[in-house]
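S.K.:
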Amino acid sequence: MPTVDNFSIRQRARLIVGIDYGTTYSGVSFAMSTATDFKEIKPWTAYPGSASHRSEHCEKAPSLVSFADENEEESGRDLWGYQVEPGMKAYAWTKLHLDRSARASEYDDPGLKKAIGNGMMKLPRGRTAKEIVTTYLRGLNTMYQGVAAEKFGEGYLDNLPVDFWLTVPATWSDAAKQLTLEAAQDAGFASRTHDRVRLITEPEAAAHLALKSSIHHVQDLIEVGARVMVCDLGGGTVDITSYEVQSTSPSLRLRELCVGGGGKCGGTFVDRNFHALMEKRFGKAFTSLDPEMTGPGSHFMDQFEMAKRDFSLNLPKTRPHRLHLPMASLPVTPESKKHYDGRFGYVLITQEDMESFFDPVWEKIMGLVTDQVNRVKEETSKGIDHLVLVGGFGSSPYIKERLKEYCLARNIRITTPWSGAWSAVVCGAVLRGIEGAITTERRCRRHYGYECSEIYDARKYPDYDPNKRPLFKTYYSERWMLGGFMHWLVAKNDVLQADWNVSRGFNMEHAYPDKLGGSIHLYACNLDKGPDTIDSDDVEHIGKINYVLNTLDLSTTQQKRMDGGRITYRVPLTFNLRVTDEDALFELKVLHQGKECGQGKIAFSYSFE
Numbered sequence: 001m002p003t004v005d006n007f008s009i010r011q012r013a014r015l016i017v018g019i020d021y022g023t024t025y026s027g028v029s030f031a032m033s034t035a036t037d038f039k040e041i042k043p044w045t046a047y048p049g050s051a052s053h054r055s056e057h058c059e060k061a062p063s064l065v066s067f068a069d070e071n072e073e074e075s076g077r078d079l080w081g082y083q084v085e086p087g088m089k090a091y092a093w094t095k096l097h098l099d100r101s102a103r104a105s106e107y108d109d110p111g112l113k114k115a116i117g118n119g120m121m122k123l124p125r126g127r128t129a130k131e132i133v134t135t136y137l138r139g140l141n142t143m144y145q146g147v148a149a150e151k152f153g154e155g156y157l158d159n160l161p162v163d164f165w166l167t168v169p170a171t172w173s174d175a176a177k178q179l180t181l182e183a184a185q186d187a188g189f190a191s192r193t194h195d196r197v198r199l200i201t202e203p204e205a206a207a208h209l210a211l212k213s214s215i216h217h218v219q220d221l222i223e224v225g226a227r228v229m230v231c232d233l234g235g236g237t238v239d240i241t242s243y244e245v246q247s248t249s250p251s252l253r254l255r256e257l258c259v260g261g262g263g264k265c266g267g268t269f270v271d272r273n274f275h276a277l278m279e280k281r282f283g284k285a286f287t288s289l290d291p292e293m294t295g296p297g298s299h300f301m302d303q304f305e306m307a308k309r310d311f312s313l314n315l316p317k318t319r320p321h322r323l324h325l326p327m328a329s330l331p332v333t334p335e336s337k338k339h340y341d342g343r344f345g346y347v348l349i350t351q352e353d354m355e356s357f358f359d360p361v362w363e364k365i366m367g368l369v370t371d372q373v374n375r376v377k378e379e380t381s382k383g384i385d386h387l388v389l390v391g392g393f394g395s396s397p398y399i400k401e402r403l404k405e406y407c408l409a410r411n412i413r414i415t416t417p418w419s420g421a422w423s424a425v426v427c428g429a430v431l432r433g434i435e436g437a438i439t440t441e442r443r444c445r446r447h448y449g450y451e452c453s454e455i456y457d458a459r460k461y462p463d464y465d466p467n468k469r470p471l472f473k474t475y476y477s478e479r480w481m482l483g484g485f486m487h488w489l490v491a492k493n494d495v496l497q498a499d500w501n502v503s504r505g506f507n508m509e510h511a512y513p514d515k516l517g518g519s520i521h522l523y524a525c526n527l528d529k530g531p532d533t534i535d536s537d538d539v540e541h542i543g544k545i546n547y548v549l550n551t552l553d554l555s556t557t558q559q560k561r562m563d564g565g566r567i568t569y570r571v572p573l574t575f576n577l578r579v580t581d582e583d584a585l586f587e588l589k590v591l592h593q594g595k596e597c598g599q600g601k602i603a604f605s606y607s608f609e
């Protein structure tokens, strides 16, 4: 077979693949880069094992993983998605572990931390969350490879370059984005030199598909100047971003109006509330049962999932839901008989119970929506015109009823994508790969900056914390300096243009010319105003930038001979921090006198304490 050089490969049409790894369900979609109509984007609907679940035509697969070494009586291989059967030892909701090091927001499920430690979200011994996600994505990749070979033929596929667009929550920490990207790469995505993996935020992908679909079906539904809030209600996270439509033809163009909001308060919050009530009502009779009987993916939780999907205020269920769960150790009392049919082994869940599971989740979602409406008014003096509802949890009748009531009172038109709310994110990711970015301006969601030092003055800084802030003497100037001062490179709510970058200068003083390099600690803060020092508990260490000055010409630097003959160097440097539109991750270059003299990368803090 003739070889094809990388340059010619990149000039050809590419296959665009969207990957939406979700907390509860995950999906894949694809189209050729030459597609001229978004309707050519096809979500995959035939996942391994789906037929046995009566789900032969399903747009997503459960985000479940079962390991062979923990289920020896099964197939002898790791299983994922629909391959995982009730009764197997399996792991779910792992996506939420990836962002576990991030500080909790006021809109996060308050019970999430407890759930991470118990059976519902407990990790297997000796395995990390990233390993579980990688195992799942490896199964997804194996399926994709087979599908692509079947559709295109292996010979054609060998030389067909592929762009994989991986979706992530907009509220995800930078470390969580990096972990997600690494998991996809470890799973084998973009293992060939002419393939690429890119990241896109979930609400942006959903906005691209939803608004494109709306414009196609109803020409004047979305007009230039309209203010649109995209609410992505998923299984684990809620992401809300507001845009102004800048143009609809010939291309859709949007700009973010304010800092988006979000929290870990998706559909699994309802499940955790349900479990909390089970523990309260039935005590050890429930908690002593194996996770395979009561955890995500179990027959018991599958039954509850059906009840959850049907729950409605407008069409209330008059009889209790009956969920089969044998609890032989449950004492028979007048109180237990109200909630458990001991004769046939059914848990009884009333309409009022369902409301108690959903209401706390609605309060968090309502808080996020209200906060976003208020932020848009502050920025524009105008309100929201449209609310676009996407995501699996956005299909809940209860959630839609409550949101419609809210929007009706404020003259906001609420819509869902014509192509469906569940697949909007994964199909929107493919559309991004075909059409390019549609968002011309973004709002920075956090402050980002680095730690710097100032000349120490005991009168000005008498009470600094020596455990957080170093006091040191510089090599070249021989001055006492106090560290721990924050220099914010970019502030929360700053407008970021496409391919945003910022440069700042600093001096490096060094006494070892054969080991020129160093590190800069990077911090973030979610407060509206960034603190001046790292003393504040709201200043979060997110990683450090390591750099090596491997091409520096020492003759261009300031030099000084110290006592004892040692030569010290003072090097004025500039570092450039850039976020690209294609991967939403930080890149760094270090320059001296305008010339690149070293490269750096962000080594994120992966603290899961």
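Residue numbers for the sequence shown follow full-length UniProt numbering, beginning at 1 and rising by one. Just so you know, even glycine gets a beta-carbon here, dropped at the ideal spot from N, CA and C.
1) Quick one: complete alpha helix (DSSP H) runs, 4+ long, within the stretch 137 to 213?
2) By Cβ distance, which residues of its chain are closer than 6 Å to S329, with the 5 residues on each side in sequence left out?
3) Around the Cβ of I455, are there at least 16 other Cβ atoms within 10 angstroms (buried) or fewer (exposed)?
4) Tell me whether Q351 sits in a helix, a strand or coil according to DSSP, three-state version.
5) Apply the 10 Å Cβ neighbour rule to N273 and answer buried if 16 or more other Cβ atoms are within range, or exposed otherwise.
6) Could you tell me how far apart the beta carbons of L112 and L96 are, in whole angstroms, since I believe they sit closer than 8 Å?
7) Give me, in chain order, the residues of the same chain whose beta-carbon lies closer than 6 Å to that of K404; leave out the 5 immediate sequence neighbours on both sides.
8) Indicate the three-state DSSP secondary structure (helix, strand or coil) for E56 in the structure shown.
9) Is L289 closer than 8 Å to T439 when the C-beta atoms are compared?
10) Which parts of the stretch 442 to 487 are runs of the beta strand (DSSP E), unbroken and 3 residues or longer, counting only runs that do not cross its ends?
11) Taking Cβ to Cβ, would you say T24 is nearer than 8 Å to G392?
12) The beta strand (DSSP E) spanning R253 covers which residue range?
13) Taking all protein chains shown into account, do 16 or more other C-beta atoms lie within 10 angstroms of the C-beta of D20, making it buried, or fewer, making it exposed?
14) Considering only DSSP beta bridges, list what M120 is partnered with.
15) List the whole-angstrom C-beta distance separating M481 from D532, where the pair is believed to meet the contact cut-off of C-beta under 8 Å.
16) DSSP state of V539, grouped into three classes?
17) Taking C-alpha atoms, which residue in P462, S519 and V430 lies nearest to A35?
18) Given C452, which residues of its chain have a CB within under 6 Å of its CB, disregarding the five upstream and five downstream residues?
19) What three-state label does DSSP hand P43 in the structure shown?
20) Output the boundary residues of the beta strand (DSSP E) element that contains P572.
21) Hey, how far is the Cα of E401 from the Cα of V147?
22) Tell me whether L527 is buried or exposed, calling it buried when 16 or more other Cβ atoms sit within 10 Å of its Cβ.
23) Determine, using beta-carbon pairs with one atom in the stretch 508 to 527 and one in the stretch 444 to 451, whether at least three such pairs fall under 8 Å.
24) Classify K280 as helix, strand or coil using the three-state DSSP reduction.
25) Pick out whichever of C597, S249 and T268 has its Cα sitting closest to the Cα of G394.
26) Count the other C-beta atoms from every protein chain shown that fall within 10 angstroms of the C-beta of N507, then say buried if there are 16 or more, exposed otherwise.
27) Looking at E244 and the ligand GTP, is the gap between the Cβ and the nearest heavy atom below 7 Å?
28) Going by DSSP, what residue range makes up the beta strand (DSSP E) through K560?
29) Please report the distance separating the alpha-carbon of P360 from that of D535.
30) Over the uninterrupted alpha helix (DSSP H) stretch that includes D302, give me the two end residues.
31) Please classify W362: does DSSP put it in a helix, a strand, or coil?
32) Looking only at DSSP bridge pairs, what is T439 linked to?
33) Below 7 Å CB to CB, which residues in the same chain sit around G153 once its five sequence neighbours on both sides are set aside?
34) Return the chain-ordered list of same chain residues with a C-beta closer than 7 Å to the C-beta of K212, the five sequence neighbours on each side being excluded.
35) Which residue wins for smallest C-alpha separation from residue 610, given the options L554, G543 and L496?
36) Just to confirm, are V162 and R14 a CB contact at a threshold of 8 Å?
M.R.: Checking against the coordinates, here is how it stands:
1) 154 to 158 and 174 to 186
2) A285
3) exposed
4) helix
5) buried
6) 7 Å
7) I414
8) Unreliable placement is indicated for E56, whose pLDDT of 46 sits below 50; the coordinate value is still reported in the next sentence. In the structure shown, E56 sits in coil (DSSP, three-state: anything other than H, G, I, E or B).
9) no
10) 447 to 455 and 471 to 473
11) yes
12) R253 to E256
13) buried
14) In the DSSP output, where bridge partners are listed per residue, M120 has none listed.
15) Not really, about 16 Å apart at Cβ, beyond 8 Å.
16) coil
17) V430
18) F485 and H487
19) strand
20) I567 to V579
21) 39 Å
22) exposed
23) yes
24) helix
25) T268
26) exposed
27) Ligands are entirely absent from the displayed structure, and the ligand GTP is therefore not among its contents.
28) Q558 to R561
29) 34 Å
30) H299 to D310
31) helix
32) L254
33) none
34) F38, L252 and L431
35) Summary: the structure shown does not reach residue 610, with the chain confined to residues 1 through 609, and so no result is reported for it.
36) yes
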